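Notes follow once the structure below has been shown.
Residue numbers (the numbering used here): 4 to 216.
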């Protein structure tokens, strides 16, 4: 993450905000399951297995599979796009979100929410080098660990503000989740249309401001 300039970090925080917004919608719609936070779903899967709750097992496992499928799809699109990876992957996310919004409008709510997991898996392929994700946009555990490490390094004489990049990424996701929950309370899953529009704008911004390499 330290290899990226400020412009990329600001955009990454916006992408993370989009993930938080969408995850909040999915969490509410699924009654406590996530569409971007797979550590949480893995824990839920373990709990459901222990309790032999068939419906919960199928839901947790299904979301995990859809998310991984989204990662695969996003990685393939990014590979084909080459240096245009960021806008190409975000365009894929945008398409997924518009289709999800249309499905919900047509009454296929579960299919719409499941497609959100595909979109979130795909989004993690925006920042990737040598086949590895360099900035995780939909999960914050690693980001918080790195932030703590940067704070410790600052206390030992290192760069005093190096932790800010990681903080902004976390802040983006948290604020996005707050906004998503608020909007869901007002208009329900019609809030996906707003996410789709935001993703479209972010893909346009990425086409001008970001390139891979």
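For glycine and all other residues, C-beta sits at the position ideal for the given N, C-alpha and C. None of the values given here were measured: they were computed from a predicted structure.
### For residue 93, the nearest candidate out of 207, 46, 160 (CA to CA)
207
*Does the beta-carbon distance from residue 125 to residue 73 come in below 7 Å?*
yes
**Request:** Output the distance between the C-alpha atoms of residue 209 and residue 61, rounded to the nearest integer angstrom.
**Result:** 36 Å
Report all residues from its chain with a CB closer than 6 Å to the CB of residue 103; omit the five preceding and five following residues, and keep chain order.
115, 118, 119, 195
Exercise. Rounded to whole angstroms, how far is the Cβ of residue 63 from the Cβ of residue 36, which I believe are closer than 8 Å?
Worked result: 6 Å
Would you mind working out which of 184, 187, 199, 170 sits nearest residue 16, comparing C-alpha positions?
170
Discussion item. Need the endpoints of the alpha helix (DSSP H) that residue 30 sits in, please.
Written reply: 9-32
Which residue marks the beginning of the alpha helix (DSSP H) containing residue 184, and which one marks its end? 167-190
> residue 73 lies in the alpha helix (DSSP H); which residues open and close that run?
Replying inline: 57-84
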